[in-house]
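One point on numbering: in our numbering, the residue at position 187 of the sequence shown is 187, and numbering is uninterrupted.
As structure tokens, the structure follows; a few thoughts come after it.
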Amino acid sequence: MNSSDLDKRTARLETEISRHKKTLVDLMVSIERYRNLVETISDRLWEMDKDMIYVFSSPQVKKILGYDPDEVIGKRLFDFMPEEEVRQARKRYSKLFEQQKPFSAIENVCLHKSGKEVIIESSGIPLFSTNGVFKGFRGIDRDITKRKQAENNLRRNNRIQKLINSVLEVSLEQISFTEQLARILEITLSLSIPHLLPKGIIFLVEDDPEILVMKVQRGLSKQQESVCQRIPFGTCICGKASSLKKIIRIDCGSDMHEISLAGVEPHGHYCVPIISGDTVLGVLNIYLGTEHVRSEEEDDFFIAIASAMAGIIERNKAENDRDKFRSHLAYSQKMESVGRLAGGIAHDFNNILTAIAGYAQLTMMEMSDSDPLKTNLEIIYDSGKEAAELVRQLLTFSSELKASPQIIDLNSYFRGKEKYISALVGNKVEVEFDLQDELWKVNMDYAQLDLVVNNIVSNAVEAMGADGNITIKTMNVVLGYEFAKFHHGVTAGEYVIFAITDTGPGMAKEVRDYVFEPFFTTKRNKGHGLGLATVYGVIKQSKGNITVDSEPGQGATFKVYLPRSSDDTKKKGSIFSLDVVGGDEIILLVDDEESVRGYLEKVLTGLGYQVVTCIDGEEALVNAAAHEKIDLLLTDVIMPGLNGTELAPEIRKIFPEVRVLYMSGQAETEVTYEDILRKDVNYLSKPISPQNLALAVRTSLDVAGLRKR
């Protein structure tokens, strides 16, 4: 080989080496580019062999599943899935590996190293050797958990909106409000929620702002329906949900059920308060089966229904208030107009009757007894006197007949009239008196009071016919703004009620609406229709009010409201309603506010309870140890030192059977659900009215008090 050939070969070798170096550099750049791509994209790259075992994983697996790549390589896809996902995934991927074709957007549920679920979207292509042998798959995983959550939230919001629309559509139907509530309950119970029982109740707050009243129910036994008619706030599960203004859910067989009934299958509850602003309007109570598991979506559904119901209830209340106001205003204006007309006619008739009766009497005085015309004049004179009595009643109705009011104790009045009323009604009608102790006094004309009682009792006897029962009840009440707003001429304040109830046939609405109008009567060829009109005038003249409650077949109750006398200087009567009773149990009262403590003690001792007052938890423990028995611990929750929830278990160590009634003026307290839902624990929100305190204490001491209601 000569030097020329050697030079040529050397040149070719150098060229080949340069080409190989460039190729190597390009390869290194490509590898670096691929590595950067693999490490910087948010998705995870992977390779699996034909046995579905990972042979490669990009570092993004750490971000998506929490594992390092080395922890993944050598394991199967199914090793990172929850058990319930593995069966479907194994079936799906076995088919894909069998087909050896590309796949895309396969969704899998995987488990993060921390235990949380991650939704993965996988795509892949098959890998083959140079001779066409299937080697496995290379693919990419994308974390779509947030996207799926957004999609689920959108679907859930759409379902909730559809549910709300269904509820709102019911409110537009031309059916009664009670029927609307029943339809809403049906919609709620038809939700596709696992283990939701076909049983439920809708409670509403009506006249008493601290009492839930059952309005509609579905699936309840007669025993359950009877027990759940009226639920005080803070009592039982629904009462506690309304008091706390929070959803309460309890499981089947829970000892948190305050009332257990024979024959009732184990069940759980969703108690959802219906709230407008800060006011509780009612509670939606749904019954749950034994295998029910709570979900956040259920909470959203029930909250949405309760929110929609709040709007419907508020609208119905506004419409009722408007109609009631218009009705009362129109009725009052009509009665005032009729009264003015009656007064004017009565004055004119008095002038005419004076002439008729006077001249008839003068003429008779000049006649001999044997004069045949004297009999005719006597008839004219007697008719004139009868007409004069009608005129007197018209003047009474129009409040133009002068009265002579005096201070009257209605209890003493009725006790003194007991024999007279018994004689008035006859032997076949039984009269019962239910007179509240320490009744306030009223100002009224005694003769006019006689007229009122005689008219109402006589009408009751005539309505009942042969026999029946009449109950006369007295009570002290405080009428608020709501009552005064819908009763023209009535002002808010302290009143005494006497109510006369009969067991007669009752009255239809068309009779009730006209019962106090002059000359309206249901007695054919009998009476002038001025009896109850006169009663109405007398009561209005006394600055009181009279109402009638009656339905066909349910008897009638006339309630007379008379203002408490300003001259009533005797000991004030009880301000509690008749169905709230006191007792003689021993109550341990704990509150660090002296004014609150003194107020509560005064109310409780007035109800007959024995009260041991304490300024804080430490003093309560000392006083409790000094007594042989404590029936009820009535304690504030937030106190310096030993607070209410810490004090209660300490008192139970001394008296295991003691019942607990917590008080708090704060929306969020240290009282836990476990505390509130105990059978022997109740909760009372401040400010506390005497009526609510009396009811809560009595209910806490005797759960049977619920059954009585």
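Cβ atoms here follow ideal geometry from the backbone N, Cα and C, with glycine treated the same way.
Given the structure is predicted, the values throughout are model-derived calculations rather than measurements.
Per DSSP, cross-strand counterpart(s) of CYS110
Your numbering for residue 110 matches position 110 in the sequence shown. VAL118, per the DSSP bridge assignment.
Rounded straight-line distance, which links the Cα of GLN691 to that of ASN157:
Along the sequence shown, read from residue 1 onward, the residue named residue 157 stands at position 157. Along the sequence shown, read from residue 1 onward, the residue named residue 691 stands at position 691. Between ASN157 and GLN691, the C-alpha separation is close to 43 Å.
Proximity of TYR270 and ILE305 at Cβ, strictly below 8 Å:
The residue you call residue 270 lines up with position 270 of the sequence shown. The residue you call residue 305 lines up with position 305 of the sequence shown. No. Outside cutoff.
Assuming LEU284 and PHE301 make a contact with CB atoms under 8 Å, what is their CB distance in whole Å?
The residue given as residue 284 occupies position 284 in the sequence shown. The residue given as residue 301 occupies position 301 in the sequence shown. About 11 Å separates the CB atoms of LEU284 and PHE301; that is not less than 8 Å, and the two are not in contact.
Which runs of the beta strand (DSSP E) at least 3 residues long sit entirely within the stretch 611 to 662? Give them in chain order.
632 to 636
Endpoints, the alpha helix (DSSP H) within which ALA694 is located:
The residue given as residue 694 occupies position 694 in the sequence shown. Where ALA694 is concerned, the enclosing alpha helix (DSSP H) stretches over 690 to 701.
When GLU619, VAL612, GLY617 and VAL622 are compared against LEU632, the one with the closest alpha-carbon
The residue labelled residue 632 in the question sits at position 632 within the sequence shown. When only C-alpha atoms are compared, the closest one is VAL612.
Relative to the C-alpha of VAL457, which residue among GLY480, TYR446 and ASN469 is closest?
Looking up residue 457 in the sequence shown gives position 457. Nearest option by C-alpha distance: ASN469.
Cβ-Cβ separation, ASP141 to GLU122 (assumed contact under 8 Å), whole Å:
For the purposes of this step, residue 122 is taken as the residue at position 122 of the sequence shown. For the purposes of this step, residue 141 is taken as the residue at position 141 of the sequence shown. A small correction: the amino acid at residue 122 is Ser; Glu does not occupy that position in the sequence shown. The pair is a contact, with the Cβ atoms about 5 Å apart (cut-off 8 Å).
Give the single residue among GLY553, VAL167 and GLN161 whose Cα lies nearest to the Cα of ILE313.
As a working mapping, residue 313 is identified with position 313 in the sequence shown. Taking only the C-alpha atoms, the option nearest ILE313 is VAL167.
Out of VAL496, ASP208 and ILE211, state which residue places its alpha-carbon closest to the alpha-carbon of ASN545.
Taking the first residue of the sequence shown as 1, we reach residue 545 at position 545. That would be VAL496, whose Cα lies nearest to the Cα of ASN545.
Which whole-angstrom value describes the C-beta separation of LYS428 and ASP467, a residue pair presumed to lie in contact below a C-beta threshold of 8 Å?
By one-based count along the sequence shown, residue 428 stands at place 428. By one-based count along the sequence shown, residue 467 stands at place 467. Confirmed, Cβ separation roughly 4 Å.
Selected residue, minimal CA-CA separation from ALA150, among ARG564, PRO505, GLY289 and ILE119:
For the purposes of this step, residue 150 is identified with residue 150 of the sequence shown, where counting begins at 1. Selected option, being the one with the closest Cα: ILE119.
So which of GLN217, GLY115, TYR287 and LYS417 has the shortest CA-CA distance to GLN180?
Here residue 180 refers to the residue found at position 180 when the sequence shown is read from its first residue. Looking at the Cα atoms, GLN217 is the closest of the given residues.
Note the first and the last residue of the continuous beta strand (DSSP E) segment covering ILE456.
For the purposes of this step, residue 456 is identified with residue 456 of the sequence shown, where counting begins at 1. Not the beta strand (DSSP E): ILE456 falls in the alpha helix (DSSP H), residues 446 to 464.
On the DSSP bridge list, what partners appear for HIS269?
Position 269 of the sequence shown holds residue 269. HIS269 is bridged by DSSP to ILE250 and TYR287.
For THR15, which residues from the same chain have a beta carbon less than 6 Å from its beta carbon, with the 5 sequence-adjacent residues on both sides left out?
As a first step, residue 15 is located in the sequence shown; it is residue number 15 there, counting from the start. Once the five neighbours on either side are set aside, THR15 has no close Cβ partner at all.
Would you check if the distance between the CB atom of ILE53 and the CB atom of GLY66 is smaller than 8 Å?
In the sequence shown, counting from the first residue as 1, residue 53 sits at position 53. In the sequence shown, counting from the first residue as 1, residue 66 sits at position 66. No, they are not a contact pair.
Drop a sphere of 10 angstroms on the beta-carbon of ASP43, count the other beta-carbons inside from all chains shown, and report buried for 16 or more, exposed for fewer.
One-based indexing of the sequence shown puts residue 43 at position 43. Residue burial is scored here from C-beta neighbours: ASP43 has at least 16 other C-beta atoms within 10 angstroms and is therefore classed as buried.
If PRO273 and LYS317 are in contact, beta carbons under 8 Å, what's the gap, nearest whole angstrom?
The sequence position of residue 273 within the sequence shown is 273, counting from 1. The sequence position of residue 317 within the sequence shown is 317, counting from 1. About 17 Å; that fails the 8 Å criterion.
Excluding sequence positions up to five away, which residues of its chain have a Cβ less than 6 Å from the Cβ of ASN623?
For the purposes of this step, residue 623 is taken as the residue at position 623 of the sequence shown. Closer than 6 Å at Cβ, skipping near neighbours: VAL612 and CYS614.
Beta carbon of LEU634, beta carbon of LEU701: below 8 Å?
The residue labelled residue 634 in the question sits at position 634 within the sequence shown. The residue labelled residue 701 in the question sits at position 701 within the sequence shown. With contacts defined as CB atoms closer than 8 Å, LEU634 and LEU701 fail to qualify as a contacting pair.
What is the rounded straight-line gap between the Cα of PHE78 and the Cα of ARG92?
Sequence index remark: in the sequence shown, residue 78 carries index 78 (1-based). Sequence index remark: in the sequence shown, residue 92 carries index 92 (1-based). Rounded to whole angstroms, PHE78 to ARG92 spans 11 Å at the Cα level.
Find the nearest neighbour of ILE250 within the set GLU291, ALA310, ILE106 and ASN320, judged by alpha-carbon distance.
Within the sequence shown, numbered from 1, the residue matching residue 250 stands at position 250. The candidate whose alpha carbon is nearest that of ILE250 is GLU291.
Please classify TYR710 as buried or exposed, where buried requires at least 16 neighbouring CB atoms within 10 angstroms.
The requested residue 710 does not occur in the structure, where the chain is confined to residues 1 to 709.
Three or more C-beta pairs closer than 8 Å, one from the stretch 540 to 554 and one from the stretch 506 to 520: is that the case here?
Yes, the stretch 540 to 554 touches the stretch 506 to 520.
Select from GLY289, VAL205, LEU661 and ALA423 the residue whose C-alpha is nearest the C-alpha of ILE194.
By 1-based counting over the sequence shown, the position of residue 194 is 194. Note that residue 194 is Pro in the sequence shown here, rather than Ile. The residue with the shortest Cα to Cα distance from PRO194 is GLY289.
What separation, rounded to the nearest whole angstrom, lies between the Cα atoms of LEU661 and ALA696?
For this step, residue 661 is matched to residue 661 along the sequence shown. For this step, residue 696 is matched to residue 696 along the sequence shown. So the two alpha carbons sit approximately 8 Å from each other.
Residue range of the beta strand (DSSP E) that TYR561 falls in?
Along the sequence shown, read from residue 1 onward, the residue named residue 561 stands at position 561. Start and end: 556 to 563.
The beta strand (DSSP E) that contains PHE78, what's its start and end?
One-based indexing of the sequence shown puts residue 78 at position 78. Segment: none, PHE78 is in no beta strand (DSSP E) and carries neither H nor E.
Could you check whether ASN476 and VAL535 sit closer than 8 Å to each other, using their CB atoms as the reference points?
Here residue 535 corresponds to residue number 535 of the sequence shown, with the count starting at 1. Here residue 476 corresponds to residue number 476 of the sequence shown, with the count starting at 1. Cβ atoms of VAL535 and ASN476: not closer than 8 Å.
Around the Cβ of MET28, are there at least 16 other Cβ atoms within 10 angstroms (buried) or fewer (exposed)?
On the sequence shown, position 28 is the one that residue 28 refers to. By the 10 Å Cβ count, MET28 comes out exposed.
Could you tell me whether the Cβ atoms of ARG230 and ILE211 are closer together than 8 Å?
Translated into positions along the sequence shown, residue 230 becomes position 230. Translated into positions along the sequence shown, residue 211 becomes position 211. The answer is yes: Cβ separation under 8 Å.
According to the neighbour-count rule (16 or more other Cβ atoms, all chains shown, within 10 Å of its Cβ), is GLU585 buried or exposed?
As a working note, residue 585 is residue 585 in the sequence shown. Counting Cβ neighbours within 10 Å, GLU585 comes out buried, since at least 16 surround it.
Exposure label - MET365; buried when at least 16 CB within 10 Å:
Taking the first residue of the sequence shown as position 1, residue 365 is located at position 365. Exposed is the call here.
Would you call THR235 buried or exposed, if buried means 16 or more other Cβ atoms sit within 10 Å of its Cβ?
For the purposes of this step, residue 235 is identified with residue 235 of the sequence shown, where counting begins at 1. With 16 or more other Cβ atoms within 10 Å, it is buried.
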